[in-house]
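What the sequence shown shows, in the numbering used here, is residues 676 to 743, in sequence order.
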Amino acid sequence: MHASNDEQRSIEQIRSRVRASNPGRPRLEIDRTVDEAYGHFRDVRVRDFVPLLVERRVVESLREPAGI
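Okay, here's the thing in structure tokens:
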């Protein structure tokens, strides 16, 4: 992964926003979801939109009912 400090900071901000907008979700579940989404983009060469794509993926994933 070729993450810059700015990218890492953006991912941490995403974690914070997702936690704030999902107070009923366990912190571990949110962290795991963010980590999985971020890992999905590990090998992309153009990193500019990675945080945006991670956040979209996380929000969509948490919107799905459990077990689907």
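Glycine included, C-beta positions come from ideal geometry on N, C-alpha and C.
Let's test the definition: count the other Cβ atoms within 10 Å of the Cβ of residue i and tell me whether it reaches 16, buried, or not, exposed.
{"i": "residue 725", "result": "buried"}
{"i": "residue 730", "result": "buried"}
{"i": "residue 693", "result": "buried"}
Under the three-state reduction of DSSP, which class applies to residue i: helix, strand or coil?
{"i": "residue 730", "result": "helix"}
{"i": "residue 697", "result": "coil"}
{"i": "residue 735", "result": "helix"}
{"i": "residue 679", "result": "coil"}
Would you grab the beta carbon distance between residue i and residue j for me? Rounded to a whole angstrom, and I think it's under 8 Å.
{"i": "residue 700", "j": "residue 737", "result": "7 Å"}
Sequence ranges, alpha helix (DSSP H) only - wholly within the segment 699 to 726, length at least 4: Whole alpha helix (DSSP H) segments, 4+ residues: 702 to 715.
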